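Asker: One structure coming up, written as structure tokens, with questions to follow.
Number of protein chains: 2
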Amino acid sequence: MTLWSEIMSQPAALAASMAELHDPVAETAAWMKGAGITHAVLAARGTSDNAARYAQYVWGARNRLNVSLTTPSLFSVYGRPPDLAGALVVGISQSGESPDLLAVLAEAKRQGRPTLAITNSSSSPMARLADRALNLGVGEEAAVAATKSYTGQLLCIALLSAAMAQDLEQVKGELDEIPSVTEAVLASEKEIGVNAVDFVGHDRCVVIGRGFHHATAHEWALKIAELSYLVAQPFSSADFRHGPMALVERGLGVLAVATQSPLFPELSELLAEISAAGSHVVAISDAADCPANQVIRVPAVAEWLSPIPAIVAAQVFTYHLTVARGQNPDRPRALRKVTRTV
Amino acid sequence: MTLWSEIMSQPAALAASMAELHDPVAETAAWMKGAGITHAVLAARGTSDNAARYAQYVWGARNRLNVSLTTPSLFSVYGRPPDLAGALVVGISQSGESPDLLAVLAEAKRQGRPTLAITNSSSSPMARLADRALNLGVGEEAAVAATKSYTGQLLCIALLSAAMAQDLEQVKGELDEIPSVTEAVLASEKEIGVNAVDFVGHDRCVVIGRGFHHATAHEWALKIAELSYLVAQPFSSADFRHGPMALVERGLGVLAVATQSPLFPELSELLAEISAAGSHVVAISDAADCPANQVIRVPAVAEWLSPIPAIVAAQVFTYHLTVARGQNPDRPRALRKVTRTV
Chain B
1 MTLWSEIMSQ PAALAASMAE LHDPVAETAA WMKGAGITHA VLAARGTSDN
51 AARYAQYVWG ARNRLNVSLT TPSLFSVYGR PPDLAGALVV GISQSGESPD
101 LLAVLAEAKR QGRPTLAITN SSSSPMARLA DRALNLGVGE EAAVAATKSY
151 TGQLLCIALL SAAMAQDLEQ VKGELDEIPS VTEAVLASEK EIGVNAVDFV
201 GHDRCVVIGR GFHHATAHEW ALKIAELSYL VAQPFSSADF RHGPMALVER
251 GLGVLAVATQ SPLFPELSEL LAEISAAGSH VVAISDAADC PANQVIRVPA
301 VAEWLSPIPA IVAAQVFTYH LTVARGQNPD RPRALRKVTR TV
Chain C
343 MTLWSEIMSQ PAALAASMAE LHDPVAETAA WMKGAGITHA VLAARGTSDN
393 AARYAQYVWG ARNRLNVSLT TPSLFSVYGR PPDLAGALVV GISQSGESPD
443 LLAVLAEAKR QGRPTLAITN SSSSPMARLA DRALNLGVGE EAAVAATKSY
493 TGQLLCIALL SAAMAQDLEQ VKGELDEIPS VTEAVLASEK EIGVNAVDFV
543 GHDRCVVIGR GFHHATAHEW ALKIAELSYL VAQPFSSADF RHGPMALVER
593 GLGVLAVATQ SPLFPELSEL LAEISAAGSH VVAISDAADC PANQVIRVPA
643 VAEWLSPIPA IVAAQVFTYH LTVARGQNPD RPRALRKVTR TV
């Protein structure tokens, strides 16, 4: 029950993380201010790369910071790194150990660029290498599939955004309700489980989300691949229209993340089209009028923080789907907790 | 036979494009030099976004230019664009018409940043909006699924790299052989067709490539989704180890792009593991020792240009797979040639 207990521990883990990160993010934001930064380059893999996708939207929309996800092989295997002039270079990694990501940070230091590590261990190689390190403080993660480290990364990115914008006082209420909202999602785990069991017959699926939920779609798809062994491909709703829309037919399982936002009308229209074409649509939503065959309800929160409760609902869905498919969520095949790629 | 004739026209189209782009890329590179650029921000969707992935590696490895793929919704739907200080902003689009991409270029101009359009129509809205435009010159593309516009985009990105590096004389031989190498790939279309027919029983597959072929993996997967209606998920081999490796089992179809490169040892090792676990591996390769169940042979070319012949082989494979699955490659369902997303 390791994975399940870590999923259920998230309200407490996030509350602890929020307290632990309060001062370090303020100090990090102050340090960034004087560091001559025009944009940010992020290095991450797997789940942490999905947290990096979240940073693209949060830091972009709230802090006007242009964020790019880098290509580690140019640094590690090719030895042909780009010029990082103007960049803050950020590594995001639960373990802080993957050699390809360490190569990106080492090169950034060689170029004299400011470096930041976001890891779940203050003694990790990445935390020791970077100029500054933020420690998630969600406690040791034992399950192979990342859950609380992902929500901890999202929270850390959100807190750093508030510190950069110096609007922590204004958004404090929105942040403070995250642990209780997450708790409310977990309280509905039995209903979510029913939706998951209904989905068990699908063996091909896509996961759709856009904007802040581009990250949620990618992370939900990754959890499904790791745990349920379904090929679940994530798409932004805009990219989906540029080609993959052809996949839609009876029998395709479509998972969507559609909370209220300026993107909701566009996403709604797409889901209605998909559903009309006979695909089975399950959506995570806080909207009364979400056009899906089944809706997993989550509480409404400020849009920029909505990826936290949404992914918790997706984790619960995936856990139940995995069990319903007869797989063991605590022993995903072929994986280890710490993956080291070159 | 529209799609097939466009696939077969690529040697001639690429030769024409090379002649047409020679002077414009030199002028564009000269203009970039004086434009105060520290990094590049690319806006694209669908196939063009895969060309943008190629630019990340080519411009990164050969020109030390840090390239990021942007998030159009921040510009179009949210109206919260990031600060583009230091950026060259590049739109890549066959039609040059999608409103979300036009929103990125319009904002870049508002911020006084240099803008470049790479389109297949010099009278497109994107070409007219940008400070400078490069026209692919591959001729009108009528098929819904992009083929010659993609190889044209790759060639344009490669030529601009040579112009930026001012090493056109040194790499002229490598570039000049591209049309004939592409011709050689097309001459083996019957053998590739046999590989495709053998693959027809798979309904779940992944596509693996890394480095310069990260783009090839994404574009092959997109062609398969659009035309064959298979969920085919693309991965870098490094990201594949960080979770999706759990998908590997008997019955999973694995497509890989594994031409000779500094990444070949790592990718080889992964493919051997996947094959040993019982998944069926088909690889596009120029290497004698590629550990796959079936190898689609392509001629060896300079690594930075290898995505051009490799994707042509993948297009032929996908065309035959589509026909073998009883689908019409000229009428992919639910798609139009020009997709306009907000």
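Protein chains in written order, with the numbering used here: chain B, 1 to 342; chain C, 343 to 684.
In this text, a Cβ means the ideal position worked out from N, Cα and C, and glycines have one as well.
Since we're looking at a predicted model, the values are computed, not measured.
Taking only runs of the alpha helix (DSSP H) that begin and end inside the segment 205 to 255 of chain B, which ones reach a length of at least 4 residues, in chain order?
Answerer: 214 to 223, 237 to 241
Asker: Between which two residues does the beta strand (DSSP E) harbouring Gln294(B) extend?
Answerer: 294 to 297
Asker: Quick check on Gln315(B): buried or exposed, where buried means 16 or more other Cβ atoms within 10 Å of its Cβ?
Answerer: buried
Asker: Are there 16 or more other CB atoms within 10 angstroms of the CB of Glu269(B), so buried, or fewer, so exposed?
Answerer: exposed
Asker: Mind listing the chain B neighbours of Gly428(C)? Cutoff is C-beta to C-beta under 8 Å, in chain order.
Answerer: Within chain B, the residues near Gly428(C) are Thr38, His39, Ala85, Gly86.
Asker: In three-state terms, what does DSSP make of Ala40(B)?
Answerer: strand
Asker: Are any of the Cβ atoms in chain B nearer than 8 Å to that of Asn408(C)?
Answerer: yes
Asker: What is the rounded straight-line gap between the Cα of Ala143(B) and the Cα of Ala29(B)?
Answerer: If you draw a straight line from the Cα of Ala143(B) to the Cα of Ala29(B), it comes to about 32 Å.
Asker: Evaluate contact between the segment 596 to 611 of chain C and the segment 65 to 80 of chain B, counting only Cβ atoms and requiring at least three cross-stretch pairs below 8 Å.
Answerer: yes
Asker: Report the residue ranges of all alpha helix (DSSP H) runs contained in full by the segment 385 to 444 of chain C; include only those spanning at least 4 residues, in chain order.
Answerer: 388 to 405, 414 to 418
Asker: Does the segment 344 to 354 of chain C come close enough to the segment 4 to 13 of chain B that 3 or more CB-CB pairs lie under 8 Å?
Answerer: No, they do not touch.
Asker: Give the straight-line distance between the Cα atoms of Ser415(C) and Ala630(C), rounded to the nearest whole angstrom.
Answerer: 45 Å
Asker: Could you tell me whether the Cβ of Gln636(C) comes closer than 8 Å to any Cβ of chain B?
Answerer: no
Asker: Judging by CA-CA distance, which residue of Ser359(C), Ala634(C), Val684(C) is the nearest neighbour of Val491(C)?
Answerer: For the record, residue 491(C) in the displayed sequence is Ser; it is not Val. Residue Ser359(C) is the option with its Cα nearest to Ser491(C).
Asker: Mapping the DSSP letters down to three states, classify Arg474(C) as helix, strand or coil.
Answerer: strand
Asker: Applying the 10 Å Cβ sphere with the 16-neighbour rule, what's the burial state of Ala19(B)?
Answerer: exposed
Asker: Who are the Cβ neighbours of His22(B) in its own chain at under 8 Å, not counting the five residues just before and after it?
Answerer: Leu159
Asker: Skipping 5 residues on each side, what residues in its chain have a beta carbon closer than 6 Å to that of Ser341(B)?
Answerer: Correcting the residue identity first, residue 341(B) is Thr in this sequence and not Ser. Only Ser98, Asp100 meet the Cβ criterion.
Asker: Using a threshold of 8 Å, state whether the C-beta atoms of Thr147(B) and Ile308(B) are closer than that.
Answerer: no
Asker: Using CA coordinates, which residue listed in Met32(B), Val58(B), Lys109(B) is at the minimum distance from Phe212(B)?
Answerer: Val58(B)
Asker: When you check each C-beta in the segment 578 to 589 of chain C against every C-beta of chain B, which residues fall closer than 7 Å?
Answerer: Ala580, Asp581, Arg583, His584, Gly585, Pro586, Met587, Ala588, Leu589
Asker: Given that Tyr420(C) touches chain B, what residues does it touch there, using C-beta distances under 9 Å?
Answerer: Result: Tyr57, Gly60, Ala61, Gly211, Ser261, Pro262, Leu263.
Asker: Name, in chain order, the residues that DSSP records as bridge partners for His622(C).
Answerer: Looking at the DSSP output, His622(C) bridges to Gly595(C).
Asker: Would Ala15(B) and Pro179(B) qualify as a contact pair, given that the criterion is a beta-carbon distance under 8 Å?
Answerer: yes
Asker: Decide if Asp239(B) is buried, meaning its Cβ has at least 16 other Cβ atoms within 10 Å, or exposed.
Answerer: Residue environment for Asp239(B): buried (at least 16 other C-beta atoms within 10 angstroms of its C-beta).
Asker: Among residues of its own chain, excluding the 5 on either side of Gly696(C), which ones have a beta-carbon nearer than 8 Å to its beta-carbon?
Answerer: Residue numbering for chain C in the displayed model covers 343 to 684; residue 696(C) lies beyond these limits and cannot be assessed.
Asker: Among the candidates Glu174(B), His242(B), Thr2(B), whose CA atom is the shortest distance from the CA of Gly487(C)?
Answerer: In the sequence under discussion, the amino acid at residue 487(C) is Ala, which differs from the Gly named in the question. Checked all of Glu174(B), His242(B), Thr2(B); the closest Cα to Ala487(C) is His242(B).
Asker: Return the Cβ separation of Ser5(B) and Ser48(B) in integer angstroms, given the expectation that the two are a contact with Cβ distance under 8 Å.
Answerer: Not confirmed; about 22 Å, so no contact.
Asker: Just the chain B side, please: which residues come within less than 8 Å of Val658(C) by C-beta, in chain order?
Answerer: Here the premise fails: no neighbours, minimum Cβ distance about 18 Å.
Asker: With three or more C-beta pairs closer than 8 Å as the rule, is the segment 161 to 179 of chain B touching the segment 288 to 305 of chain B?
Answerer: The segment 288 to 305 of chain B vs the segment 161 to 179 of chain B: in contact.
Asker: Give a yes or no on whether 8 Å exceeds the smallest Cβ distance from Thr147(B) to chain C.
Answerer: no
Asker: Any C-beta of chain C sitting closer than 8 Å to the C-beta of Leu116(B)?
Answerer: Closer than 8 Å: no.
Asker: Return the CA-CA distance between Ser627(C) and Glu189(B), expressed in angstroms with no decimal places.
Answerer: 47 Å
Asker: Closest to Gln111(B) by C-alpha separation, out of Leu102(B), Leu134(B), Asn66(B), Ala87(B), would be which residue?
Answerer: The candidate whose alpha carbon is nearest that of Gln111(B) is Ala87(B).
Asker: Counting only beta-carbon atoms, is Glu348(B) nearer than 8 Å to chain C?
Answerer: Outside the shown range of chain B (1 to 342) lies residue 348(B), about which nothing can therefore be said.
Asker: Determine the extent of the alpha helix (DSSP H) in which Leu3(B) is found, giving its start and end residues.
Answerer: 2 to 8
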